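To get this note's numbering, take the position in the sequence shown, counting from 1, and add 299. All C-beta atoms in this analysis are idealised placements derived from N, C-alpha and C, irrespective of residue type, glycine included. Since this is a predicted model, take the numbers as computed values, not measurements. Single-structure report; data block below.
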Amino acid sequence: MRFSDKSSLDMTKGEPFKLLIVYSIPILLGNIFQQLYNMCDTIIVGRFLGPDALAAVGNTGPMNFLILGFLYGMTSGFAVITAQKFGAKDKEGLKQSVAVNIVLNISTGLLITLISCLLTMPLLRLINTPEKIIDQSFSYIFVIFLGIPAAVLYNGCSCVLRSVGDSKTPLYFLIVSSFLNIALDVVFIYFFHTGVGGAAWATVIAQAVSGLLSLLWIIIKYPELHVNRRHFSFSSYFVIKHLSIGANMGFQFSITAIGTVVLQGALNKFGPIKIASFTAAQKVEQLVTVAAGVMGITMANYGGQNLGAGRIDRIKEGVNKAIVISTSFAVVAAVLAWIFKDQMVSLFLDSKKMSGQEWQEILSAAGTYLHICSVFFPVLFSIFVYRNILQSIGHGFWPLMGGVFELFARSIAAYTLPSLIGYAGICAAEPLAWFSAALPLAIAYYVTIKKLPAFADSRWEAK
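Below is the structure:
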C-alpha cells in the first residue's frame with residue numbers, strides 16, 4: 300500500500316535511530332508551538348492583567364489537564380490501531396480504523412463537553428480555589444471547556460496523520476494557529492479588555508482553525524484515508540479494540556491529572572503569590588521538557604507500525620535508541636532550567652506591577668520548584684518512552700497502573716511533605732510521582748518484550 304503524499308513515513312524500514320530523529324523533529328517543533336497556546340495565555344495574562352489573573356489561569360491548569368488530557372489520550376489511543384493497520388499494509392482495515400476514529404471522537408468529544416461545562420464551578424470549589432480568583436478562573440476554564448470539540452478535531456486529525464508517518468503537516472498548521480492565538484490574545488485582552496475569558500476564546504478559535512486545516516489536508520492529500528458508508532459497517536469487536544486502547548490512554552492522563560488536581564488543592568492553601576510562582580515555574584518546566592512528550596508520540600506510532608509488520612526486533616532496538624535520545628534531551632532541559640530560570644519566569648510576570656518583596660518571593664518560590672524537579676528530568680522523560688511503547692504493542696495494563704502509582708505518590712506527598720518542609724514539599728511531590736510511575740513501567744516493558752517472539756530478519760526480507 301503506497302500513499303500519494305510523500306510526507307508519509309514507513310517506520311518499519313530503515314535505521315531506527317535516524318527514523319526516530321526524523322519523525323520526532325516535526326513533532327518537537329509542533330509541541331513547542333502547542334506550548335505557545337498555553338504560554339501566550341499565561342504571558343499575556345500575567346503581564347497585562349497581573350499576578351491574580353495569572354494565579355486564576357494557573358489554578359485551572361489541573362482541570363484543563365484532567366479533561367483535555369483525557370481526550371488527547373483517547374484520540375492518541377484510537378490512532379494506535381490505525382498505525383498498526385498502516386504497518387500491516389491493510390488498506391481496508393486502515394479505512395475502517397479511520398471510520399471508527401470519526402465515530403468515537405465525535406461522540407466522546409460532545410459528551411465530555413457537556414459534562415465538563417456542568418462541573419466547572421463544583422470542580423473549582425473542590426480544589427479550594429481562593430475567592431479572590433474564583434470568578435476569573437471560571438471565566439477562563441468554562442470557555443476552554445466549550446471549545447473541546449475544536450481540540451478534539453485537531454487532535455483526532457493530527458493523530459491519524461501521525462499514525463501513517465506524517466508528523467510534518469500537523470506542525471505546519473500548529474504554526475499558523477499559534478501565531479493566530481498570539482494575535483487574538485493581544486486583540487481580546489489589550490484592545491477589547493475581555494480579561495482572562497478573552498485569552499480562552501483566543502485559544503479555542505486558534506484550535507478550531509488548526510483542526511479545520513488538518514481535516515482539509517486529509518481530504519485533499521490523502522485519498523487513501525477517505526471513507527465511505529461501507530467503512531462504517533465495522534464489527535463491535537473492532538470498536539472495542541479502539542476504545543480499549545483509547546480509554547486506557549485517556550485514563551492514564553486523567554489519573555495523572557487527578558493527582559495534579561489534588562496537588563493544586565494543597566498548593567492553594569499557600570495563597571495567590573505561591574500559586575502564581577508555581578504556575579510560572581511549571582510553564583518553564585513544560586517549555587524545557589517539551590521533547591518528553593515528543594518521544595512518547597514517536598514511540599507510540601513507531602511501535603504500532605512495527606507491531607503491525609511483525610518487527611519485534613525493531614521495537615527493541617527503537618526503545619534502546621529512544622532512551623538514549625530522551626536522556627540527552629533531559630540533561631539539556633535540566634541545564635536550561637537551572638541557568639535561565641529567572642529569565643524564563645520573568646516572561647510570565649511583570650515585576651513592575653508588584654512590590655520588590657513580592658517579586659523576590661515569586662522568583663524564590665519558582666526557583667525552588669525548578670531546582671528540585673530539574674534534577675529528575677531523565678526519569679520524567681523515560682516515562683513517556685516506556686508508557687507509549689507498551690500501549691502501542693497492546694499492553695495497556697501497566698501504563699494504567701503507572702498512572703495509579705503516580706496519583707497515589709503525588710497525593711500522599713502533597714498532604715504530608717508540606718507539614719514537614721513547607722512549600723518545598725509541594726515541589727518535591729512531582730519527582731516522587733515520576734519515580735513511582737517510571738519504575739513499574741520500565742520493569743513491565745522489559746518483562747513484556749522478552750515474551751514477544753522476535754521476527755526473523757530473513758522472513759522479512761523474503762516478503
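- Annotation for Ala727: Ile671, Ala712 and Leu716 place their beta carbon closer than 7 Å to its own, counting only its chain and skipping 5 residues before and after.
- The distance from the Cβ of Thr626 to that of Leu319 is about 13 Å, inconsistent with a contact at the 8 Å cut-off.
- Between Leu470 and Leu328, the gap from beta carbon to beta carbon is short of 8 Å.
- For Ser681, the enclosing alpha helix (DSSP H) has its first and last residue at Phe676 to Ser691.
- In this chain, Tyr521 is not harboured by any alpha helix (DSSP H), its DSSP state being neither H nor E.
- Rounded to whole angstroms, the gap between the alpha carbons of Ile748 and Lys615 is 7 Å.
- Counting only unbroken stretches of 4 or more residues, the alpha helix (DSSP H) elements lying wholly within the region 346-425 are 350-358, 360-386, 390-417 and 419-425, in sequence order.
- The beta carbon of Ser457 is closer than 7 Å to those of Pro469 and Ser513 in its chain, skipping five residues each way along the sequence.
- A distance below 8 Å between beta-carbons, with the five flanking residues on each side excluded, links His694 to the following residues of its chain, in chain order: Ala743 and Thr747.
- Phe472 and Lys573 have their alpha carbons spaced roughly 36 Å apart.
- For Leu606, the CB contacts under 8 Å within the same chain, skipping 5 residues up- and downstream, are Gln383, Gly386, Ile614, Ser691, Ile692 and Gly693 in chain order.
- Leu367 is the residue among Val538, Ser654 and Leu367 whose C-alpha sits nearest the C-alpha of Thr412.
- Taking C-beta atoms as the reference points, Phe369 and Gly549 count as a pair closer than 8 Å.
- Three or more Cβ pairs closer than 8 Å define a contact, and the region 569-583 meets that threshold against the region 646-664.
- If you compare the alpha carbons of Pro429, Lys568, Gly446 and Phe316 with that of Ser509, the shortest gap goes to Gly446.
- For Leu308 and Ser462, the gap between their C-alpha atoms comes out near 9 Å.
- Contact annotation: Pro730 and Val678 have beta-carbon atoms nearer than 8 Å.
- Classified as buried, Ser477 has 16 or more neighbouring CB atoms from the shown chains inside 10 Å of its CB.
- When only Cα atoms are considered, Leu393 and Asn427 end up about 46 Å apart.
- Taking a cut-off of 8 Å for Cβ pairs, the region 651-658 and the region 555-562 do not touch, as fewer than three such pairs fall below it.
- In summary, Tyr489 is exposed, with fewer than 16 beta-carbon neighbours lying within 10 Å of its beta-carbon over all protein chains present.
- With respect to the C-alpha of Pro361, the residue from Thr555, Phe537, Phe639 and Val538 having the closest C-alpha is Thr555.
- A Cβ-Cβ contact shorter than 8 Å links Val503 with Ile443.
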